[in-house]
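A.B. asks: Going by the working numbering, the sequence shown opens with residue 526, and the numbers climb by one from there.
Using N, Cα and C, we set each Cβ at its ideal position, and we do this for glycine too.
Predicted model, so just to flag it, every value in this text is computed and none were measured.
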Amino acid sequence: MIENLSDELLLQEVKRRFEQKNETLHELEFLTKKLYDLNEKLRENDKVKGEFLSLIKNVFNNPIGSLLNLSSMMLKNEDTPRTQKMKLLLDVELQKLNFQLNNIFTAAEIEAGEIGNYLSAVDIKAVFDEVCKSFTYLIEDKALVVESDIGVSGMIISDAKKLHTILLNLISNACEYSFRGNKILFRVFTKEALLVLEVSNTGDVISKEYKKEVFNRFKKVDKNSRARESVEGLGLGLSVVNALVESMDGVVDYESSTTLTTFRVELKLQEASASQSTVGESANEFMFDDFDEMKEF
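1) Quick one: what's F653 bridged to in DSSP?
2) What residue ranges within the stretch 675-747 form continuous beta strand (DSSP E) runs of no fewer than 3 residues, ordered along the chain?
3) Taking the runs of the beta strand (DSSP E) that are 3 residues or longer, which of them lie wholly in the stretch 596-653?
4) Could you tell me the alpha carbon to alpha carbon distance between E771 and L692, rounded to whole angstroms?
5) Between the C-alpha atoms of V777 and R705, what's the straight-line distance to the nearest angstrom?
6) At the level of alpha carbons, what is the spacing between L644 and A685?
7) At the level of alpha carbons, what is the spacing between S732 and M773?
8) Please specify which runs of the beta strand (DSSP E), each continuous and at least 3 residues long, are wholly inside the stretch 765-794, giving them in chain order.
9) At a cut-off of 7 Å, would you count L644 as near the ligand PLP, judging by its Cβ distance to the nearest heavy atom?
10) Cβ of G762 within 8 Å of Cβ of S697?
11) What residue from V724, R712, L720 and G760 has the CA that sits closest to L695's CA?
12) Can you look up E533 in the DSSP assignment and give me helix, strand or coil?
13) T715: buried (16+ other C-beta within 10 angstroms of its C-beta) or exposed?
14) Quick check on this structure: which residue in L769, Y561, L626 and E780 has the alpha carbon closest to the alpha carbon of P588?
15) From E655 to H689, what distance separates their C-alpha atoms?
16) Report yes or no: do the stretch 727-741 and the stretch 781-790 share at least 3 C-beta pairs separated by less than 8 Å?
17) Taking only three categories from DSSP, how would you classify E796?
18) Checking 8 Å against the spacing of the C-beta atoms, do C700 and K667 come in under that value?
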């Protein structure tokens with residue numbers, strides 16, 4: 526009886542250790558997979574960083590080189606029609622550079638979690654007009670017609686800087702992908718407790734296969750565009766829009782048909798408070814507000 530009991534206990538112990546070993550193996554397999562996934566993510570991050578640095582070099586080297594050449598030529602020439610043309614080109618290159626730097630700095634703030642909401646009374650039409658001024662060169666070059674339909678009266682309560690950056694990227698995107706001579710429409714209206722912003726354009730549409738990727742960082746879709754003469758930018762614009770909208774507890778999405786694309790931003794309507802300031806035309810921050818006062822580049 527004792528011998529049988531000892532055998533039984535021995536078998537139970539062997540079984541227990543066997544099961545324990547299996548559990549350990551499963552845990553090791555799980556940890557190995559986690560380490561593998563983490564390693565892949567690190568590799569992907571390194572790859573993205575490398576691509577980002579490469580993109581920065583490509584995007585900024587050409588404009589900066591152009592600015593240096595134009596500045597040198599302007600110093601050697603008097604104020605003639607040729608000089609005026611060079612000044613215009615200089616302004617265009619600065620606008621391009623300012624736009625890209627704004628996105629880079631905003632993306633860096635987002636990455637660092639430094640994007641709090643600073644509410645104020647905002648003249649949305651003034652912000653829109655200011656954004657359009659930034660892309661005058663592109664609008665005129667492609668003979669685009671930009672219209673607005675502002676369905677709200679007076680000021681709205683929002684984060685002026687974020688709204689400006691959101692509109693900069695949506696209008697830029699619409700200009701880049703619009704067919705020459707077509708119309709861009711900016712609409713603002715309220716729907717229940719939401720403030721809705723829409724930017725529509727006729728031109729190249731985003732393929733359905735890119736639906737899940739369009740708001741990803743560094744992602745540029747439909748590179749074989751008929752509307753775009755060249756592929757520029759870092760692929761940050763729509764990801765910046767998405768992050769800023771989310772930080773304002775809103776949502777952004779788009780819909781497209783054969784040639785019409787509409788990006789829609791929905792934000793919660795905010796109530797005014799006595800502590801909020803008023804922001805209107807020319808109240809947004811630019812890196813190059815006044816070229817005459819710029820001491821260093």
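C.D. replies: Straight from the coordinates:
1) Its beta-bridge partners do not exist; DSSP assigns none.
2) Listed in chain order, they are 681-684, 708-716 and 719-727.
3) Runs of the beta strand (DSSP E) inside the stretch 596-653: 644-647.
4) 15 Å
5) 26 Å
6) Computed Cα separation, rounded: 7 Å.
7) 28 Å
8) As far as the stretch 765-794 is concerned, its whole beta strand (DSSP E) runs of at least 3 residues are 776-781 and 785-793.
9) The ligand content of the structure shown is nil, which means the ligand PLP is not present either.
10) yes
11) V724
12) For E533, the three-state secondary structure derived from DSSP is helix.
13) Exposed is the call here.
14) L626
15) 9 Å
16) Touching, yes.
17) Three-state DSSP puts E796 in coil, outside helix and strand.
18) Against a cut-off of 8 Å, the Cβ pair of K667 and C700 comes out as a contact.
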